[in-house]
Amino acid sequence: MAEGSPAERAGVVVGDHILAIDGEVPRDVIRYQLLVDEADPTIDLDRGGLELSLAVAKAAGESLGIDVHSALFDQVRTCDNHCEFCFIYQLPPGMRESLYLKDDDFRLSFLYGNFTTLTRFTESDLERVVTERLSPLNVSIHATDPEVRSDMLRNRRGATSLRWLSALLAHDIEVHGQVVVCPGINDGAILDDTFAGILDRYDRLASLCVVPLGVSRWSNEPRMRPHSQAEASAVIDAVHDWQEVFLATLGRRLVFAADEYYLLADLPFPDARTYEDFSMHEDGIGMARTFELEFTGQSSIATPTAPGFFAWVDGAPAEGYRAPRISLDSRAATPGVTAVTLGATRGAPIGILTGTYGARILQPLIDDLNRTDIRIIEVANEFFGGNIGVTGLMVGEDIARTLANEPSGHRYLLPDVCLSQGRFLDGTTPESLPRLVEIIPADGIALRDALGIASRPQPFSKQTEITR
């Protein structure tokens, strides 16, 4: 509740339950925001069993001043697919219950960037998306061949549900697509067929990201396995070939390979200009180049980082991932962390905690500084195991094990992307770690500031001037 806000002046208090706004029961925060955006709304409330009706004096467009506890006020639309590659099926036992919920809700796609398969999408959903312009949305495609897609989703509606993608694009809804490539399932000729299908039927997609299959040690699907280096290289070759086709046909590259592919194939990342507007940054497309732009001072604006794989489930801001992750008062404070304390003086040696993939991206940047007081501390992900190496999936258990072998008195920097409301995925908190850590935003500008590095314009591409 914002102090002095229209809601507070009208008598609304923290803990009130909203029953209706101007006689309508909002289903979710999307509809709620539209209703409270109007002038002088009347809010029906439940306060400890007592029903109240309060008239709020406010101008149209003026903030009501209320924070709601959840993005959805009705039930989450759960997923009825049974994808072999679904990461929810690969979670360790014993985690908090909310993490095991599979959603396929277009509202969460709009709010948090979740991907929906559209297998539970309906005519009324289409009407709402078009009427309220709920854009952008993210859609899991995986394959455009109906039989292949149905097999991958283990759902017969997977063969036909992409008709909704056509309808969304026909109504000028911005849609970003995704293909999770499973070796031996939808790579090779099938991946080429998918790209051809995109060009033929879904060429109005804003972008298409191609990401590798993640396999934890808890997976029990015999067909699911990590990519080999040769397979990763083949996917990159296919993406680059089709980028040329899309560029010649549509005037834009449209399809992009995740940064992980270049790490898996041990190939250099593409030039920054080839990522066009970095529209799929939050899905791991061009993150390395974006980070480099920020860290070397070529970009003065930090690119927002998605709040982690499970951040919408609990602890996420109801207004969605587009809300600020870091408080505006302090770039070194993560909401929900009760105490973020400097682990040592500013002159102490520095250790940067990161995942396996992050270490490979950061190490060249740190080496270029020629400073002996900064080191990369790679945190191996034993909690999930398998080929899981992204920084956003680091957990307290693994970080604690790693820090236990590090000296005290040093500064330890931890990116906030692995936290949701101050908790790691395993339920632990930074306060339980054996060393004090400094939590910073997961962007190059924040890291540069934490290291006390002045801006050093140093273009990493000699072929073009980089602009954002």
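The numbering of the sequence shown is our numbering, which starts it at 224 and goes up by one.
We put the beta carbon where it would ideally sit given N, CA and C, even for glycine.
Keep in mind that this is a model prediction, so the values were computed, not measured.
Since residue i and residue j are thought to touch, with beta carbons under 8 Å apart, how far apart are those beta carbons, to the nearest angstrom?
{"i": "Leu576", "j": "Ile600", "result": "5 Å"}
{"i": "Asp498", "j": "Gly507", "result": "Position check: residue 498 holds Tyr in this sequence, whereas Asp was assumed. At roughly 12 Å, the Cβ-Cβ gap does not stay under 8 Å, so Tyr498 and Gly507 are not in contact."}
{"i": "Ala366", "j": "Ile413", "result": "6 Å"}
{"i": "His399", "j": "Ser430", "result": "5 Å"}
{"i": "Ala262", "j": "Ala282", "result": "6 Å"}
{"i": "Pro359", "j": "Phe606", "result": "Rounded, the Cβ-Cβ distance is 32 Å, inconsistent with contact."}
{"i": "Asp649", "j": "Gly619", "result": "5 Å"}
{"i": "Phe514", "j": "Asp666", "result": "7 Å"}
{"i": "Leu487", "j": "Leu428", "result": "In fact, because the Cβ distance is near 25 Å, the residues do not count as touching under 8 Å."}
Starting from residue i, trace the beta strand (DSSP E) both ways and give me its first and last residue.
{"i": "Gly667", "result": "Looking at the DSSP string, Gly667 is not in any beta strand (DSSP E); the run it does join, the alpha helix (DSSP H), is Gly667 to Ala673."}
{"i": "Val362", "result": "Leu360 to Ser363"}
{"i": "Glu601", "result": "Ile597 to Glu601"}
{"i": "Pro493", "result": "No beta strand (DSSP E) contains Pro493, which DSSP labels as neither H nor E."}
{"i": "His240", "result": "His240 to Ile244"}
{"i": "His399", "result": "Val398 to Val404"}
{"i": "Ala623", "result": "Premise fails: Ala623 lies in the alpha helix (DSSP H), Gly619 to Leu626, not in any beta strand (DSSP E)."}
{"i": "Gly574", "result": "Ile573 to Thr577"}
{"i": "Ala419", "result": "Note, Ala419: premise wrong, no beta strand (DSSP E); alpha helix (DSSP H) at Gly411 to Arg424."}
{"i": "Phe479", "result": "Val478 to Ala480"}
Once DSSP output is grouped into helix, strand and coil, what is the label at residue i?
{"i": "Ala280", "result": "coil"}
{"i": "Arg232", "result": "helix"}
{"i": "His633", "result": "coil"}
{"i": "Gln521", "result": "coil"}
{"i": "Thr265", "result": "strand"}
{"i": "Phe310", "result": "helix"}
{"i": "Ser389", "result": "helix"}
{"i": "Thr557", "result": "Residue placement at Thr557 is flagged as unreliable, the pLDDT there being 38, under the threshold of 50; the coordinate-derived value follows with that caveat. Residue state, collapsed to three classes: coil."}
{"i": "Gly531", "result": "Because Gly531 sits at a pLDDT of 49, beneath the cut-off of 50, its placement in the model cannot be relied upon, and the following sentence gives the value as read from the coordinates. Coil, per DSSP."}
{"i": "Glu285", "result": "coil"}
{"i": "Arg351", "result": "helix"}
{"i": "Ser430", "result": "strand"}
{"i": "Ile689", "result": "Confidence at Ile689 is low in this model, with a pLDDT of 28, below 50, so its placement is unreliable and the value that follows should be read with caution. Coil, per DSSP."}
{"i": "Asp326", "result": "strand"}
{"i": "Ser332", "result": "helix"}
{"i": "Asp176", "result": "Residue 176 lies beyond the stretch modelled for the chain, which goes from 224 to 691, so this question has no answer here."}
{"i": "Ile549", "result": "Interpretation of Ile549 is limited by its pLDDT of 38, a score under 50 that renders its predicted location unreliable; the figure taken from the coordinates is listed afterwards. It is coil, neither helix nor strand."}
{"i": "Leu295", "result": "strand"}
{"i": "Ala526", "result": "The displayed chain sequence assigns Thr, not Ala, to residue 526. Residue state, collapsed to three classes: coil."}
{"i": "Pro445", "result": "coil"}
{"i": "Arg440", "result": "coil"}
{"i": "Ser384", "result": "coil"}
{"i": "Thr301", "result": "strand"}
{"i": "Pro653", "result": "helix"}
{"i": "Thr340", "result": "coil"}
{"i": "Leu616", "result": "helix"}
{"i": "Glu505", "result": "helix"}
Start and end of the alpha helix (DSSP H) containing residue i?
{"i": "Ser373", "result": "Pro369 to Leu376"}
{"i": "Arg319", "result": "It is not in any alpha helix (DSSP H) - Arg319 carries neither H nor E in the DSSP assignment."}
{"i": "Glu467", "result": "Gln452 to Leu473"}
{"i": "Ile662", "result": "That residue, Ile662, is in no alpha helix (DSSP H); its beta strand (DSSP E) goes Glu661 to Ile663."}
{"i": "Ile408", "result": "Ile408 -> no alpha helix (DSSP H), and no H or E assigned at all."}
Within 10 Å of its beta-carbon, does residue i have 16 or more other beta-carbons around it, so buried, or fewer, so exposed?
{"i": "Gln401", "result": "buried"}
{"i": "Asn593", "result": "exposed"}
{"i": "Ala225", "result": "exposed"}
{"i": "Gly570", "result": "exposed"}
{"i": "Arg379", "result": "exposed"}
{"i": "Val705", "result": "Given a span of 224 to 691 for the chain in the structure shown, any question on residue 705 remains unanswerable."}
{"i": "Thr301", "result": "exposed"}
{"i": "Leu473", "result": "exposed"}
{"i": "Thr354", "result": "exposed"}
{"i": "His240", "result": "exposed"}
{"i": "Gly272", "result": "exposed"}
{"i": "Thr690", "result": "For Thr690, the pLDDT reaches just 30, beneath the cut-off of 50, and the residue's location in the model is therefore unreliable, although a value from the coordinates is still provided. Exposed, since its Cβ has fewer than 16 Cβ neighbours within 10 Å."}
{"i": "Leu516", "result": "buried"}
{"i": "Ile253", "result": "buried"}
{"i": "Gly675", "result": "exposed"}
{"i": "Thr345", "result": "exposed"}
{"i": "Thr340", "result": "buried"}
Would you verify that the beta carbon of residue i is, or is not, closer than 8 Å to some beta carbon of chain C?
{"i": "Ala283", "result": "In the structure shown, chain C cannot be found, because there is only a single protein chain."}
Are the CB atoms of residue i and residue j nearer to each other than 8 Å?
{"i": "Val458", "j": "Val404", "result": "yes"}
{"i": "Pro657", "j": "Leu626", "result": "yes"}
{"i": "Gly234", "j": "Leu277", "result": "yes"}
{"i": "Gly612", "j": "Gly578", "result": "yes"}
{"i": "Asn361", "j": "Asp327", "result": "no"}
{"i": "Arg634", "j": "Glu661", "result": "yes"}
{"i": "Phe479", "j": "Tyr485", "result": "no"}
{"i": "Asp489", "j": "Ala511", "result": "no"}
{"i": "Asn604", "j": "Asp621", "result": "yes"}
{"i": "Asp260", "j": "Gly288", "result": "no"}
{"i": "Leu258", "j": "Asp245", "result": "yes"}
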